[in-house]
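What follows is a single structure, written as structure tokens, with notes after it.
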Amino acid sequence: MTKIITFLTMFLFLWTGNIYSQDNQLTAKEKKEGWVLLFNGKNLDGWTSVGKDTPPAFGWVVEDGILNVRKQGDKRGGDIITRDQYSDFDLKVDFRITKGANSGIKYFFTKYEKGGWLGLEYQILDDENHPDAKLGRDGNRLEGGLYDMLPTSPKQVNPIGEWNQARIVAKGTKVTHYLNGKKILSFDRSSEQYKKAWQLSKYKNSKPMFGDVKEGHILLQDHGDEVSFRNVKIKVLK
Numbered sequence: 005m006t007k008i009i010t011f012l013t014m015f016l017f018l019w020t021g022n023i024y025s026q027d028n029q030l031t032a033k034e035k036k037e038g039w040v041l042l043f044n045g046k047n048l049d050g051w052t053s054v055g056k057d058t059p060p061a062f063g064w065v066v067e068d069g070i071l072n073v074r075k076q077g078d079k080r081g082g083d084i085i086t087r088d089q090y091s092d093f094d095l096k097v098d099f100r101i102t103k104g105a106n107s108g109i110k111y112f113f114t115k116y117e118k119g120g121w122l123g124l125e126y127q128i129l130d131d132e133n134h135p136d137a138k139l140g141r142d143g144n145r146l147e148g149g150l151y152d153m154l155p156t157s158p159k160q161v162n163p164i165g166e167w168n169q170a171r172i173v174a175k176g177t178k179v180t181h182y183l184n185g186k187k188i189l190s191f192d193r194s195s196e197q198y199k200k201a202w203q204l205s206k207y208k209n210s211k212p213m214f215g216d217v218k219e220g221h222i223l224l225q226d227h228g229d230e231v232s233f234r235n236v237k238i239k240v241l242k
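Sequential numbering from 5 applies to the sequence shown in the working numbering.
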């Protein structure tokens with residue numbers, strides 16, 4: 005019996021270890037399909053700060069293959085952005101939040117003629133405990149939505165402390181948000197629905213129209229709360 009238990013313990017260790025080892029790695033199939041890792045599981049290579057050539061000196065920590073942004077009193081490291089810019093893409097990001105946390109994944113992030121640095125935002129939020137969930141219009145600041153612009157359809161969110169997967173697919177002017185494999189929002193940046201949402205949003209004075217850009221950086225947001233990321237990968241669409 006002791007030998008059996010020992011064998012099962014070793015098997016379980018190897019099995020779970022093998023699962024963990026797949027984080028921040030690409031399978032042979034993904035490589036063939038053109039996927040590229042944006043986070044290598046070790047450091048912030050490939051990332052910078054907004055308007056700078058280097059990532060933040062504090063606030064972002066990599067531990068056990070997980071990228072963590074943490075509270076540090078009144079000090080924040082600030083957002084991080086990819087060195088490269090993207091237009092048509094399929095982006096996947098695993099994220100995990102703490103109670104009451106607020107964060108986001110921005111894309112088409114670039115400097116506007118009027119409005120400063122801006123990007124469309126896939127909202128990451130504790131809908132139950134963060135006050136921002138009650139602001140905006142018709143739920144357009146809830147998790148998975150296009151922040152302050154468009155809300156999602158009904159969605160399934162894993163509990164606080166567990167991992168969720170965001171996916172953003174952008175092709176031409178059309179964008180789709182997914183959460184945990186389910187489509188929760190689709191919109192066209194050239195549509196009248198989108199233009200109306202822009203005019204009612206906090207971005208209404210941007211120039212050009214908010215989101216009316218061909219390419220931009222991918223951004224992971226430091227909103228002052230503890231949030232974790234892993235398996236950040238992108239595929240350029242042709």
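Note that beta-carbon positions come from the ideal geometry of N, C-alpha and C, so glycine has one too. Note that the structure is a prediction, hence the values are computed from the model and not measured.
Suppose you measure from the CA of residue i to the CA of residue j; what does that come to, to the nearest Å?
{"i": "residue 64", "j": "residue 108", "result": "15 angstroms"}
{"i": "residue 61", "j": "residue 80", "result": "10 angstroms"}
{"i": "residue 82", "j": "residue 96", "result": "21 angstroms"}
{"i": "residue 21", "j": "residue 70", "result": "With a pLDDT of only 39 at residue 21, under the threshold of 50, the placement of this residue in the model should not be trusted, and no figure is reported."}
{"i": "residue 208", "j": "residue 180", "result": "22 angstroms"}
{"i": "residue 204", "j": "residue 153", "result": "8 angstroms"}
{"i": "residue 224", "j": "residue 49", "result": "14 angstroms"}
{"i": "residue 227", "j": "residue 36", "result": "36 angstroms"}
{"i": "residue 29", "j": "residue 199", "result": "39 angstroms"}
{"i": "residue 202", "j": "residue 45", "result": "36 angstroms"}
{"i": "residue 188", "j": "residue 170", "result": "10 angstroms"}
{"i": "residue 174", "j": "residue 92", "result": "5 angstroms"}
{"i": "residue 122", "j": "residue 26", "result": "33 angstroms"}
{"i": "residue 222", "j": "residue 124", "result": "10 angstroms"}
{"i": "residue 136", "j": "residue 145", "result": "7 angstroms"}
{"i": "residue 132", "j": "residue 161", "result": "11 angstroms"}
{"i": "residue 217", "j": "residue 112", "result": "7 angstroms"}
{"i": "residue 210", "j": "residue 114", "result": "12 angstroms"}
{"i": "residue 106", "j": "residue 72", "result": "13 angstroms"}
{"i": "residue 191", "j": "residue 178", "result": "6 angstroms"}
{"i": "residue 242", "j": "residue 176", "result": "10 angstroms"}
Under a Cβ-count criterion, where at least 16 other Cβ atoms within 10 Å of its own Cβ denotes burial, should residue i be classed as buried or exposed?
{"i": "residue 33", "result": "exposed"}
{"i": "residue 127", "result": "buried"}
{"i": "residue 234", "result": "buried"}
{"i": "residue 150", "result": "buried"}
{"i": "residue 47", "result": "exposed"}
{"i": "residue 215", "result": "buried"}
{"i": "residue 193", "result": "buried"}
{"i": "residue 98", "result": "buried"}
{"i": "residue 58", "result": "exposed"}
{"i": "residue 130", "result": "buried"}
{"i": "residue 185", "result": "exposed"}
Give me the residue from the options with the minimum Cα distance to residue i.
{"i": "residue 163", "options": "125, 104, 48, 87", "result": "104"}
{"i": "residue 220", "options": "106, 54, 201", "result": "54"}
{"i": "residue 230", "options": "40, 57, 101, 85", "result": "101"}
{"i": "residue 110", "options": "190, 72, 172, 135", "result": "172"}
{"i": "residue 156", "options": "72, 168, 143, 196", "result": "143"}
Please report the Cβ distance between residue i and residue j, rounded to the nearest whole angstrom; I am assuming they are in contact, meaning their Cβ atoms lie under 8 angstroms.
{"i": "residue 239", "j": "residue 94", "result": "4 angstroms"}
{"i": "residue 299", "j": "residue 85", "result": "Not covered by the structure: residue 299. The range shown for the chain is 5 to 242."}
{"i": "residue 298", "j": "residue 138", "result": "No statement about residue 298 is possible, as the shown extent of the chain runs from 5 to 242 and does not include it."}
{"i": "residue 254", "j": "residue 67", "result": "Residue 254 is absent from the model: the chain starts at 5 and stops at 242."}
{"i": "residue 42", "j": "residue 237", "result": "6 angstroms"}
Counting only runs of 4+ residues fully inside the stretch 145–226, write out the alpha helix (DSSP H) ranges in chain order. 196–203
Counting only runs that start and end within the stretch 59–119, where is the alpha helix (DSSP H) found for 4 or more residues in a row? none
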